[in-house]
Structure formats: C-alpha cells, structure tokens
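Protein sequence lines, in the order shown, are assigned to chains A and B. The numbering used here puts the first residue of the first sequence at 1, with every later residue one more than the last. The numbering used here puts the first residue of the second sequence at 1, with every later residue one more than the last. Positions of the beta carbon are idealized from the N, C-alpha and C atoms, including for glycine. What you are looking at is a predicted structure, and each value in this text was computed from that prediction instead of being measured.
Protein chains: 2
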Amino acid sequence: MSPTIKDVAKRAGVSIATVSLVIQNHARITTATKTKVQKAIKELNYHPSRSAKGLATKTTGNIGFILTDDHFLQTEPFYTKIFLGTELGTRGTNYYVLLATIARDFNSKDDLPRFILERSVDGIIVAGKATQDFIERIEKLDIPIVFIDYYPTTGNFFTVLIDNTNGGYVATKHLIDLGHKEIGFIGGDIPHPSIYDRFAGYKQALESNGIKFNKKNCIVDEDDPSRPNGYNAAKKILTQNKKITAIFACNDAMAIGVMQYCTDNGIKIPNDISLIGFDDVEADILLNPPLTTIKVPKFELGTEAIHLIENVIRDKSYNNKKKILVPIELIIRNSTKELK
Amino acid sequence: MSPTIKDVAKRAGVSIATVSLVIQNHARITTATKTKVQKAIKELNYHPSRSAKGLATKTTGNIGFILTDDHFLQTEPFYTKIFLGTELGTRGTNYYVLLATIARDFNSKDDLPRFILERSVDGIIVAGKATQDFIERIEKLDIPIVFIDYYPTTGNFFTVLIDNTNGGYVATKHLIDLGHKEIGFIGGDIPHPSIYDRFAGYKQALESNGIKFNKKNCIVDEDDPSRPNGYNAAKKILTQNKKITAIFACNDAMAIGVMQYCTDNGIKIPNDISLIGFDDVEADILLNPPLTTIKVPKFELGTEAIHLIENVIRDKSYNNKKKILVPIELIIRNSTKELK
DNA sequence: TTGGCTTAGTTAAACGTTTAACCTAAAAAC
DNA sequence: GTTTTTAGGTTAAACGTTTAACTAAGCCAA
C-alpha cells in the first residue's frame with residue numbers, strides 16, 4: 001500500500017498535523033522541520049490521497065463539463081474540441097474535468113448528472129444550449145457555473161462567448177469588400193444566441209455599408225445548422241433570388257451543405273457564388289475549394305472557461321469579467337472571390 | 001448543505017449502518033425497513049458522497065485515460081475519438097473517465113500523471129504507443145491496466161486491438177479484386193505494432209493471391225504516419241516504380257498526403273492510381289474523390305476498453321479474453337477503381 | 001426450560017486528510 | 001523578576017461513508 005501521512009510523520013519524527021502544514025507550505029513551520037519532513041516525503045514517495053483530502057476539505061479537484069447528447073455526437077467536433085480545450089486549461093492546475101452529457105430536451109423527469117448528485121465536482125461548465133429546466137435546477141445548487149457559447153437570458157451568469165456579432169460583421173464585410181451586394185444569409189436554429197448574433201452582425205455590416213437589408217436574401221427557418229439543412233437552404237435561397245452572388249452561412253456545416261448543393265447543380269464556387277462559413281472546422285481545408293471562414297478558437301473557449309471557473313471557485317464572490325469574449329479571425333481561403 | 005446519511009437515518013428512525021445497507025441492497029434488511037429508509041432517502045433527496053465512499057472503500061469511481069501529447073493534438077481526432085468512446089462506455093456504469101496526457105518521450109525524469117499519484121483512479125487505460133519506461137512504472141503499480149491500439153511486447157496485458165492484419169489483408173484484397181497487381185504500400189512508424197500488422201496483412205494478401213512481394217513497391221521508412229509524410233512517400237514510390245496502379249496507405253492521414261501529391265502532379269485518382277486508406281476519418285468523405293478505406297470503429301475501441309477494465313476491476317483475477325480484437329470494415333468509396 | 005441458531009439491526013472503528021483549539025518554551029515587555 | 005506575547009509545534013475532532021463484530025429478540029429442538 002502507498003504510504004500515508006502517518007508514515008511520513010513517523011519517519012520525520014513529527015505529528016501528522018505538521019506534515020499536513022508542511023505540504024500546505026504553512027508559515028507556522030520552521031525551515032528546519034520543513035526540510036526534515038520534505039526529506040521523509042521524498043524518501044517514501046508520499047503523495048496525499050485525493051479522497052481523504054476531499055472528505056476533509058469538501059473539495060474534489062474535479063470540474064464537471066456538461067454537454068447535450070446531440071452536441072456530443074455531431075459530426076463536426078465543435079463542442080468536443082472545446083472539451084479538449086478544458087483539458088489543456090487544467091494543465092498546471094490541480095483539476096480534472098469530468099464529462100457528462102444530458103438529453104437535449106432535459107426536463108423535470110431527468111436526473112442531474114451523477115457527478116453533481118454525488119458532489120464530485122467543485123464547479124460546472126455548461127457548453128452550448130441547455131434547457132431552461134436544467135439551468136434552473138443547477139442554478140440553485142450553490143456551485144460555481146460557467147457557460148460556454150450560450151447564455152441564459154434569465155440572469156447574470158459567468159460566460160465565455162464567441163464574438164459572434166463581430167464575426168458576422170467581419171464575414172459580411174469581407175464579401176462587401178470583394179464587391180458583392182446581393183449577399184445571402186443562411187441560418188439554422190436562429191433563436192440560439194450565437195446564430196442570432198451572427199445574423200445581427202450580418203445586418204450591421206450591410207447597414208453600415210449602405211446596402212439595404214433584404215429579407216429575401218435570408219433563410220432562417222431551418223432547424224439545426226447542419227449539412228443537410230445547409231443543402232436545403234441553398235436550394236431555397238438560390239431559387240428565391242437569382243441575383244445572389246455571395247452567401248454567408250452561419251456555420252461551416254451549413255456551408256458544406258451549400259457547397260454540396262452547388263456541386264450537384266453545376267454552380268461554381270467561387271466563380272458563380274462566393275461562400276463564407278463560420279467556425280473553421282477541420283474539414284474546411286479539404287473542401288474543393290477550401291472554405292473561407294471565420295475561425296473560432298475552440299480550444300481557447302475551453303481554456304478560458306477553466307481559468308474563469310478556477311477564479312470563481314477560489315473566490316466565491318469573484319465578480320469581475322463575468323463575460324469573456326473570445327475574438328474571432330477571418331480566414332481567407334478560396335471559396336470567396338472578387339465580384340467581376 | 002446536502003443531507004448526509006445521518007439525516008436519512010434520523011428521519012427513518014434507524015442507524016446509519018442500516019441506511020448504508022439499504023443503499024447496497026443488502027440481504028440483511030427486511031422489506032419493511034427498506035421501504036422506510038428509501039422513503040426517507042427520497043424525501044431528503046439524499047445521494048451518498050463520492051468522497052466519503054471513496055475513503056471508506058478505497059475506490060474512486062474514476063478510470064484514468066492516458067494519451068501521449070502528440071496523439072492528443074494531432075489533426076486526425078483518432079485517439080480523442082477513442083477517448084469519447086470511453087465516455088460512451090461509462091454510461092450506465094458508475095465510472096467517470098479522467099484524461100491525462102504524457103510526454104511522447106516519457107522517461108525516468110517525468111512524473112506519473114497526478115491521478116495515479118493521488119490514487120484517484122481505480123484503473124488505467126493507455127491509448128496508443130507509450131515508452132517502455134512508462135509502461136514499466138505503471139506495471140508495478142498494482143492497479144488494473146488496459147491498453148488500446150498498442151501492446152507492450154514484454155508481457156501478457158489486457159488489450160483492445162484493431163484487427164489490423166485482417167484490415168491490411170482486406171484492403172489489399174480489394175485492390176487485387178479490382179485487377180491491380182502492382183500495388184504500393186505506404187507506411188510510417190513501421191515499428192508500431194498496428195502499422196506493422198497492416199503491412200503484414202498486405203503481404204499476406206499478395207502472397208495468397210499469387211502476387212510476388214516487391215520491396216520496391218513499399219515505402220516504410222517514414223517517421224510518423226502523417227499527411228506530409230504521405231506526400232513525400234507518394235513522391236518516392238511513384239518515381240521509384242512507374243508501373244504502380246494502386247496504393248494502400250497505412251492510414252488516412254498518409255492517404256490524404258498521397259492524394260495531395262497526386263493533385264499537385266496531375267495524377268488522377270482513381271483513373272491513374274487507385275488509393276485506399278485505413279481508419280475512416282471524418283475528412284475522407286469530403287475528399288475529392290471520397291476515399292475508399294478500412295473503417296476502424298473508434299468509439300467501439302473505447303467502449304470495449306471500459307467494459308474490459310470494469311471486469312478487471314471487479315474481479316482482480318479476471319483472466320479470460322485478455323485480448324479483444326475489434327473488427328474492421330471495408331468502406332468502398334470513389335478512390336479505388338477497376339483496372340482497365 | 002434451556003441452549004443454540006437465525007434474523008435483523010446496531011455499535012464503533014476505520015479510511016487519510018485538515019484545522020481549530022490547545023500547549024509549551026522562549027522572547028519580550030514591564 | 002514576573003507577566004505577556006509569540007513562535008512552533010501537537011492534539012483531537014471532524015469530514016461521510018463502509019463493514020466487522022456485536023447484540024437482542026424470536027424461534028425451535030430436545
């Protein structure tokens with residue numbers, strides 16, 4: 001069996017309290033005893049047991065990461081990348097991240113993730129949209145919560161967000177700069193704040209560049225922002241308004257759908273239509289042509305969330321920087337082109 | 001604060017031991033007291049604390065998943081998918097998976113992952129290649145270990161493996177069935193058992209179909225099986241032997257590199273060269289043409305590993321099925337074609 | 001009636017830490 | 001020279017479970 005604090009105490013000739021204080025680098029201890037104890041620790045290769053420490057301090061060293069099922073399994077590894085980003089964020093800290101998924105339609109009949117019930121996390125990160133029922137139930141739990149890429153409208157929560165509005169603006173502005181005027185917007189799940197904000201950025205860009213917003217250039221009634229829905233939306237928008245020369249898809253999945261529709265129908269990108277996406281997923285670079293897009297730093301969303309929740313855990317009354325906005329970046333590849 | 005076992009005991013009018021026994025569904029308890037206690041549990045919304053349980057039983061409910069840094073960060077999310085598969089595997093169990101990465105060249109100067117030192121895992125899953133030093137150190141730890149997609153040659157470990165030999169065979173046989181005779185093999189990191197076995201399958205297929213193995217058709221000196229190395233290998237192999245009509249790349253990353261080389265040099269796939277990969281990564285379907293490949297069920301590797309390690313944890317002397325072979329599947333897309 | 005067995009529950013120790021409260025000796029203050 | 005303060009530790013309780021050992025009551029057989 002691994003050595004315990006008792007073994008160390010015995011070997012160093014001190015009490016177990018002293019060993020504990022040495023480990024915590026407490027001021028009460030003289031350098032003499034400190035070195036003595038540290039020597040014993042090293043010789044025995046002692047490491048405190050997390051379980052015991054957890055019971056004594058009511059901390060666990062874990063952070064729960066919650067994701068809806070559909071996000072976990074979707075083709076584009078968007079949220080799972082964010083999750084991996086949290087792993088990166090925990091390096092150098094004393095935390096581990098526990099992953100759990102909940103139903104997309106989580107409701108009163110559903111149980112909260114086990115790690116919450118068993119109190120094995122010190123904080124919770126919620127990535128993506130979650131139901132109101134879920135949010136209300138974790139809210140009254142008296143445990144730090146950080147949201148990523150979603151914010152409940154019902155309160156002032158800690159949140160790490162993509163700068164979606166700016167992203168929508170930059171994407172649209174890029175098309176405008178290339179000379180396009182009839183610019184389509186394709187969205188899905190428009191009530192989602194992220195999509196909504198991208199759409200808002202689109203409108204802002206048009207407006208501040210003297211282009212009238214035209215409802216006929218927008219498809220916003222699709223459900224999920226997925227590839228097949230992008231395909232459908234492309235069909236609709238391109239039959240609806242033949243003058244369109246550029247399309248801003250609210251994410252890369254939909255953009256890929258648009259691209260497939262164009263390929264199937266002999267529409268050349270970027271010669272006939274310029275296309276820009278949003279997210280910058282792995283696949284983009286392999287597309288033909290490679291997709292111009294707005295890069296979302298997915299790992300960074302995860303690491304920022306960890307840093308934020310660490311602060312909140314450390315200081316329960318932490319109150320500055322409740323919202324962190326992660327900047328986006330325009331990635332110009334070959335799916336957009338100057339309008340002749 | 002959440003209720004403890006004491007609160008339940010008081011409300012049900014029994015001792016805390018009885019509550020504990022009820023939770024464990026122990027035979028000692030009559031149905032009468034059982035329902036009485038269960039009622040109290042429900043009313044208080046009691047859930048046992050994992051920390052306390054952990055200290056008392058010396059179990060943690062966690063399984064450690066260890067990955068080398070380079071695998072964690074590589075473009076193809078192969079190992080991270082396996083990791084996500086373990087998450088799937090833990091559903092319905094009482095485990096969580098803790099993820100840690102180690103250096104690719106882990107050696108005596110490096111510390112073991114913190115979750116091992118702090119005893120916060122009940123078992124360890126090691127995915128992919130790890131250094132001998134690392135393996136030797138965890139081996140003497142007296143904690144269940146399961147390897148995925150790698151097996152140390154120095155002992156009889158629990159392992160979940162891809163059926164690589166068969167995969168290499170099936171891939172090569174597919175090309176042979178299409179009429180190809182001059183079939184190239186492109187490999188990287190050939191000492192890796194997985195790659196080695198795919199190569200072995202390639203040779204077997206040639207042999208049992210009356211085609212002489214030709215060293216000149218093989219590039220096996222690349223380091224990593226990565227895209228750039230695939231690109232280089234394609235250059236080498238196609239200048240080395242002009243008669244080659246088909247290539248089996250040891251994984252999709254290298255196949256993508258091959259494809260890029262062909263695109264850059266006006267070689268048409270599949271008209272000039274048939275190409276088959278291995279792994280079935282997301283990108284395959286977006287390639288032009290979509291890549292024929294051998295599908296590796298990545299999630300399944302993870303879930304199988306969880307099932308296996310659960311058995312080993314439950315029964316320390318568990319000894320059947322030390323090696324689990326996960327079957328592969330030929331996925332025919334458009335990068336392979338009958339030889340005219 | 002006695003003794004033994006069974007059943008169903010209780011008692012109390014144990015798990016390995018942290019930390020508030022306590023102690024003692026030496027230093028400082030008067 | 002006595003009292004007070006400080007420094008540097010120690011003691012022991014607490015955290016919330018599990019479980020081996022114990023107990024009391026009921027039953028049965030002889």
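- When rounded, the separation of the alpha-carbon atoms in residue 144/B and residue 121/B is 10 Å.
- Contact between residue 335/A and residue 276/A holds, since their C-beta atoms are separated by about 7 Å, short of 8 Å.
- Assigned with DSSP and collapsed to three states, residue 196/B falls in helix.
- At least one beta carbon of chain B lies nearer than 8 Å to the beta carbon of residue 120/A.
- Assignment of residue 246/B by DSSP, reduced to helix, strand and coil, places it in the strand class.
- When DSSP assignments are scanned along the stretch 182–242 of chain B, the uninterrupted stretches of alpha helix (DSSP H) that are 4 or more residues long and fall wholly within it turn out to be 193–207 and 227–240.
- If only complete runs of 4 or more residues are kept, the stretch 289–313 of chain A shows no alpha helix (DSSP H) anywhere.
- For residue 274/A, the three-state secondary structure derived from DSSP is strand.
- Residue 163/B is positioned such that its CB atom lies no closer than 8 Å to that of residue 301/B.
- The beta carbon of residue 79/A sits closer than 6 Å to the beta carbons of 67, 71, 127 and 128 from its chain, once the five residues preceding and following it are set aside; these are given in chain order.
- Judged by DSSP secondary structure, residue 164/A falls within the alpha helix (DSSP H) whose first and last residues are 164–177.
- Within the stretch 268–291 of chain A, the residues whose Cβ lies closer than 8 Å to any Cβ of chain B are, in chain order, 282, 283, 286, 287 and 288.
- One finds 98 and 115 in chain A with Cβ atoms closer than 7 Å to the Cβ of residue 96/B, taken in chain order.
- Beta-bridge analysis with DSSP links residue 279/A to 295/A.
- Contacts with chain A (Cβ-Cβ distance below 7 Å) from the stretch 71–84 of chain B involve 75, 77, 80 and 84, listed in chain order.
- Straight-line spacing of the CA atoms in residue 158/A and residue 88/A works out to 20 Å.
- In the same chain as residue 313/A, and ignoring 5 residues on each side of it, the C-beta atoms closer than 7 Å to its own belong to 122, 123 and 144, in chain order.
- Contact between residue 259/B and residue 287/B is confirmed by a C-beta separation of about 6 Å, below the 8 Å threshold.
- The beta carbon of residue 292/A lies closer than 6 Å to those of 276, 332, 333, 335 and 336 in the same chain, with the five residues before and after it left out.
- Taking the beta carbon of residue 333/B as reference, no residue of chain A falls within 9 Å; the closest one sits roughly 14 Å away.
- Look at the stretch 302–319 of chain A: it has no residue with a C-beta under 7 Å from a C-beta of chain B.
- The Cβ atoms of residue 102/A and residue 142/A do not sit closer than 8 Å to each other.
- Counting along the chain, residue 65/A sits inside the beta strand (DSSP E) bounded by residues 62–68.
- Only residues of its own chain outside the window of five on either side were considered, and among them 28 and 29 have a CB closer than 8 Å to the CB of residue 21/A, listed in chain order.
- Beyond the five residues adjoining it in sequence on each side, residue 307/B comes within less than 7 Å, by CB distance, of 89 in the same chain, given in chain order.
- Per DSSP, residue 34/A is not a residue of any beta strand (DSSP E); the alpha helix (DSSP H) it occupies stretches across 31–44.
- With respect to residue 184/A, residue 229/A sits apart: the two C-beta atoms are not nearer than 8 Å.
- For the set 48/B, 59/B, 46/B and 47/B, the Cα lying nearest the Cα of residue 52/A is the one of 59/B.
- In this structure, the beta-carbon distance from residue 46/B to residue 14/B does not fall below 8 Å.
- Its chain contains 144 as the residues whose beta carbon lies nearer than 8 Å to that of residue 316/A, once the 5 sequence neighbours on both sides are disregarded; these appear in chain order.
- Residue nearest to residue 175/A within the set 11/A, 248/A and 105/A is 248/A (criterion: CA-CA distance).
- Identification of chain B residues near residue 55/A by a Cβ-Cβ cut-off of 7 Å yields 51, 52 and 55, ordered along the chain.
- Per the C-alpha coordinates, the member of 57/B, 61/B, 56/B and 10/B positioned closest to residue 37/B is 10/B.
- 8 Å or more divides the Cβ of residue 289/A from the Cβ of residue 118/B.
- Below the 9 Å Cβ cutoff, chain A contributes no neighbours of residue 165/B, its closest Cβ being approximately 29 Å away.
- Nearest to residue 82/A by alpha-carbon distance, out of 62/A, 61/A and 125/A, is 125/A.
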